[in-house]
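All remarks here apply to the structure that follows.
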Amino acid sequence: MTKKGFALLLGIVAALLVTNAHAQVAPAIPDDSVFVFNTLLFLVSGMVVMFMAAGFCMLEAGLVRAKNAATICLKNIALYSVAGLMVYLVGYNLIYGVAEGGIIGKFGPWGADDSDPIGTGYAAGADWYFQMVFVATAASIVSGTLAERIRLWPFLIFVAFLTGFIYPIQAGWVWGGGWLDARFDDFAGSTLVHSTGGWAALAGAIVLGPRAGKYMHGRVTPIPGSSLPLATLGAFILWLGWFGFNGGSQLALGAISDAISVSKIVVNTNMAACGGVIAALALTQILYKKADLTIILNGAIGGLVSITAEPLQPAVYQAILIGAVGGVIVTLAVPLLDKLKIDDVVGAIPAHLFCGVWATLIVPMSNHEVTFFGQLTGVLAIGAFVFGVSLLLWLALKYSIGIRASEEDERVGLDKAELGLEAYPEFAST
Amino acid sequence: MTKKGFALLLGIVAALLVTNAHAQVAPAIPDDSVFVFNTLLFLVSGMVVMFMAAGFCMLEAGLVRAKNAATICLKNIALYSVAGLMVYLVGYNLIYGVAEGGIIGKFGPWGADDSDPIGTGYAAGADWYFQMVFVATAASIVSGTLAERIRLWPFLIFVAFLTGFIYPIQAGWVWGGGWLDARFDDFAGSTLVHSTGGWAALAGAIVLGPRAGKYMHGRVTPIPGSSLPLATLGAFILWLGWFGFNGGSQLALGAISDAISVSKIVVNTNMAACGGVIAALALTQILYKKADLTIILNGAIGGLVSITAEPLQPAVYQAILIGAVGGVIVTLAVPLLDKLKIDDVVGAIPAHLFCGVWATLIVPMSNHEVTFFGQLTGVLAIGAFVFGVSLLLWLALKYSIGIRASEEDERVGLDKAELGLEAYPEFAST
Amino acid sequence: MTKKGFALLLGIVAALLVTNAHAQVAPAIPDDSVFVFNTLLFLVSGMVVMFMAAGFCMLEAGLVRAKNAATICLKNIALYSVAGLMVYLVGYNLIYGVAEGGIIGKFGPWGADDSDPIGTGYAAGADWYFQMVFVATAASIVSGTLAERIRLWPFLIFVAFLTGFIYPIQAGWVWGGGWLDARFDDFAGSTLVHSTGGWAALAGAIVLGPRAGKYMHGRVTPIPGSSLPLATLGAFILWLGWFGFNGGSQLALGAISDAISVSKIVVNTNMAACGGVIAALALTQILYKKADLTIILNGAIGGLVSITAEPLQPAVYQAILIGAVGGVIVTLAVPLLDKLKIDDVVGAIPAHLFCGVWATLIVPMSNHEVTFFGQLTGVLAIGAFVFGVSLLLWLALKYSIGIRASEEDERVGLDKAELGLEAYPEFAST
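Chains as they are written, first to last, in our numbering: chain Z, 4 to 433; chain W, 4 to 433; chain P, 4 to 433.
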């Protein structure tokens, strides 16, 4: 090769190197933008999921009697605060500090080393926030089932254990990369969040017993809620929050493929809720000759829970059907629980536990990398753990400090008894 | 040219080619980021527009009597679900499947081919979601006008036709690129969404007739709403949602110019609502010597509708004035409708239909590419189509299954009659 | 050097120049994306801060008696509208038109020159919107304290001055780069927004006097709110909005470092509120043997205000403690105000003014670039200015058009007296 030729070659090589360097430093979306997009997804999603705390609060305040409405509001704002504290103090590291295939994470507060590793692709704080609001959701489920008769402080003690230990340990099994992760799939938490809340609520309902007058002389006495408009508002807020709950669980927004996935998730989430509403509407009309608003609101929630284990893979028509089955489950399970004399004030056990199980088991239909047996393993393992530990904890609370309001307190209402005030001092006819 | 010179030239050309290649693959905002930004705009906007369903629900629940509050809540959550289903099954393709200059799109469910073409610049699901929540908005308008006397199931059947066919066909004329598109401009849907809802509501109100006792012995009897705080909450939620309604209608956030446009739209939207509130506040004070909260809430909505046909071009002071005229229209039109004995329970016809017409006709003031005659054509064509078809549909429903609750049912309230429950069992004095 | 060598060198230089050019035009995040990210932060944050207007409205509607609930709703939607108008007409330029180190900005409407300078790194409209909703927040604080006895129009006149002049002038001292800026730090407005609202409310409460019957025969008569569920909803909405209030005050989202900062701010904001709730819950239980929901809701707000002056620097445990002290302040200050016979209907002065002072003075603990003396200077200067001018304005209004409803109007309620309607015509027992 002549030197001229060599000079030419070197020039071209240099140019190609530049091209190559350019390809490395300027990909389709710069890494830094990916970081911001991912973080933004966590923050925006986290905000609407946080707002679900208000949704649960309104749903529950609307479905209890006026004499217990202030107490349920207090429980809801307090449980969110306790959840925040416990997830910070111990919960987060119990979820994410678990070794690969392990069974329990690390104890200790989050972020003690104050690091914010950029390599993860998102801000550590945004991720923490997104996880924290998920944990609070599970606790919100419990407050609804046990309303109108559980005392404030034992409830909050349970919430501290639930949000600090019970939820984080089982979440670590899957989302933390623990022993269940390889064989079990739960995209946004039908089992990890909703069934967990539901199992804890069921254990509590059994230990606590039904409200006075609910099951008398072999009959079920309906106890209507005090404000169905507030309950409806709550359901709408939950629906809104679920776009963040499921959409944010894509955990990334830094690529076209992520944006498409989040969008599909949002559509499926929306349509599963629509399916749940319409199924509950039609079924209550057929069964009872009346459209039952309370059940229909739970139909929306049941539809949302039903799509939460796998909101990405189903086709839209599948999402509608999955949600519709959720609506049917809710409609049929409410009288079933009554037969068992399990008093679930707001219908949270059907919507969150039963639909959570359904959601988890139907995943293999649309996601062929998941097996029915693996899903069943997860449902049973997490169910046994959460229900078992919750039952022991409720029993321990019952036989130590007591969990149930006195008959007299229940009669006058927890608002007067425990808070010394009334939710609606000028309205209630009592 | 010597070979040395040639080598030099080639090196420079290679370098320039690299520069050029670089300019092509790394524009100001990478194409992939544009895609994510656009999609994010649809998703965030869609979420707050979805929440408008809760806003309409609260507004209407607050403005009906307690005995009909649960029913209106049920109608609102059901209509959103029906809208979701119908837009999926047929509506979306009726809007966007129209040929250029055509009059009707394609029949069939959305996304049957499951494609997500990246070339559009946004995720198909996000776009679908954004369109779907718009359609639901139109249906929400109808529920308010016809509250307290229409039966549940005929209402839902109408909603299915409205959201599946009536809205999509006329929207296809403009947003789908149909015959009206070249001569008519409606940025975010003053005519396509709000007047459409208003025309459908007007047709229904005429066929259905007023509530019992509203117009007796030649006098108008005011029927106060049961909870003005809930109505106010609804108006605030609508105001919030409108930032997404109008801002998201920019349909892009992938360039500085888009970010500036969305911001201008948000400011104008906000200020038009402020103008509507202040105009209605001042005018009711002058006319009635009392500030009328219900009219003022509708003043906000009227202001918002008034800016929706063109939220981008007006200067801020123009936006305030356009919104203020909307507030005046609402204030003056409410008694006008009463004179015509058209019973519009929540005042939706003035706010959405009348202000929608005003909004559309004033566009040429700030957008000089638009003609008054073109705008008038659109208003008349869409008005004739929507009102005409709605009227026929309401009449068909009336003379087949019937649309109106019985006198007795209306007297005891639809909650007891159709749902078998009460919205506020402990409060209402009946 | 041979010509061959020169050709080679030139090729390499050309290639290096390209590399350099590339480094200039394609930084980690392209400038245009930075612009969109920043603008998006303002818009999303602004939307939830706007929604705080609904939060204040619900909080106040829930804490007043039913006979004044519609009036407080009207005041809240009207004050937001007046704030929008005034910030447009004069306020924005009073804040940002101040010369470096100066004391007052420019008079005149915003954006008269219609420019949107791209060099700022965000859309001018988005920034204006974000500032406007902050100003409205300060006015919302005043409405709560003075509820149930102030007449509508004098209140709105005060709001016009507060949002057009009082707030903007002092905000210009700091955020506009005025004389206080160099020595005083207030990240998101504990002093500039919350204390400002609190000082204006305090001045008004003194001039206006307590509600009839509140302080009689040397005793404090509690006047319970009409709907604690609505008040709780309000607190949740405020909590949600605060993520935008503090997070958006980072003013940038165009770099990894910004995304990390916004995330930290969101976490600290959340945890300060949790701390405030738990502190108020524990303290009311200890002091009164009853958990007091109203105080706990204010504990959340007090916690939020307490972190607002510096939400970025504190470690999470510090944020919890700072918020917890806010909860303690609220709990202890409510009876203190009663001793002084200052009737603050919703407890806004403790939550916004006292916690605002605490928040501002504790900044040096975590932010070592800030001095206690500088912070004290700002608290005193802004306090003296806002309280002084507000006092004069309230006195001027009192002795000109009058500010207080007549005894008879107060007795029957402002809803009937000023609005000619009732918030809950079917419920209220009166």
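All residues carry an ideal CB built from backbone N, CA and C; glycine is no exception.
Since this is a predicted model, take the numbers as computed values, not measurements.
Under the Cβ criterion of 9 Å, W:P227 is counted among the residues facing chain P.
If you draw a straight line from the Cα of Z:W182 to the Cα of Z:W245, it is about 28 Å long. In the structure shown, Z:V348 adopts coil according to DSSP, grouped into three states. For W:V138, the secondary structure class from DSSP, reduced to helix, strand or coil, is helix. Within chain Z, the residues V270 have their CB atoms less than 7 Å from the CB of W:W131, given in chain order. Judged by DSSP in its simplified three-state form, W:Y218 adopts strand. A straight line joining the alpha-carbon of Z:K342 with that of P:A150 spans about 49 Å. Close CB contacts of P:G386 within its chain, under the 7 Å cut and outside five residues either way in sequence, are with S198, W202 (chain order). Taking CB atoms only, W:V162 has no neighbour in chain P less than 9 Å away.
Within the segment 71 to 102 of chain Z, not one residue has a Cβ closer than 7 Å to any Cβ of chain W. For W:I240, the residues of chain P that pass the 9 Å Cβ criterion are F54, A57, in the order they occur in the chain. If you draw a straight line from the Cα of W:L256 to the Cα of W:A262, it comes to about 6 Å. Secondary structure note for W:Y95: its alpha helix (DSSP H) is the uninterrupted segment 95 to 99. At a cut-off of 9 Å between C-beta atoms, Z:T311 does not count as an interface residue with respect to chain W. Linking Z:Y99 to W:L241 through their CA atoms gives a straight-line distance of about 40 Å. Contact residues of the segment 31 to 45 of chain W toward chain Z are P33, D34, D35, S36, F38, V39, T42, L43, F45 (C-beta to C-beta distance below 8 Å). Under the three-state reduction of DSSP output, Z:I153 falls in the strand class. Within 8 Å of the CB of W:A426, the CB atoms of chain Z belong to S230, L231, P232, in sequence order along the chain. Check the Cα spacing between Z:A81 and each of P:I80, P:L195, P:A294: the tightest is with P:A294. Z:G65 sits close to Z:L233, with the two beta carbons spaced by under 9 Å. Taking 9 Å as the threshold, the shortest C-beta distance from Z:V223 to chain W does not fall below it. In the displayed model, W:V223 falls within a strand according to three-state DSSP. Note on Z:I289: under 16 other CB atoms within 10 angstroms of its CB, so exposed under the neighbour-count rule. The segment 99 to 110 of chain Z and the segment 309 to 318 of chain P do not touch, with fewer than 3 CB-CB distances between them shorter than 8 Å. For Z:K217, the closest of Z:L398, Z:D346, Z:M61 by C-alpha to C-alpha distance is Z:D346.
If you look at Z:T311, you'll find it in the alpha helix (DSSP H) that goes 296 to 311. Taking a C-beta distance under 9 Å as the contact criterion, P:Q134 and P:F388 do not qualify as a contact pair. Annotated three-state conformation of Z:R186 is coil, per DSSP. Under the Cβ criterion (8 Å, minimum of three pairs), the segment 358 to 372 of chain P does not count as touching the segment 161 to 172 of chain P. In the DSSP annotation of this structure, the continuous segment of the alpha helix (DSSP H) that includes Z:V331 starts and ends at 319 to 342. Taking CB atoms only, P:Y218 has no neighbour in chain Z less than 9 Å away.
Judged by their CB atoms, P:A206 and P:S252 are not nearer to each other than the 9 Å cut-off. Of all residues in the segment 271 to 283 of chain P, only N271, N273, M274, A276, C277, G278, G279, V280, I281 place a beta-carbon less than 9 Å from a beta-carbon of chain Z. Inter-residue distance for W:M61 and W:L243 is about 14 Å (C-alpha atoms, whole angstroms).
At least 9 Å separates the CB of P:I304 from every CB of chain Z. Counted as a single uninterrupted DSSP element, the alpha helix (DSSP H) harbouring W:N41 occupies residues 34 to 66.
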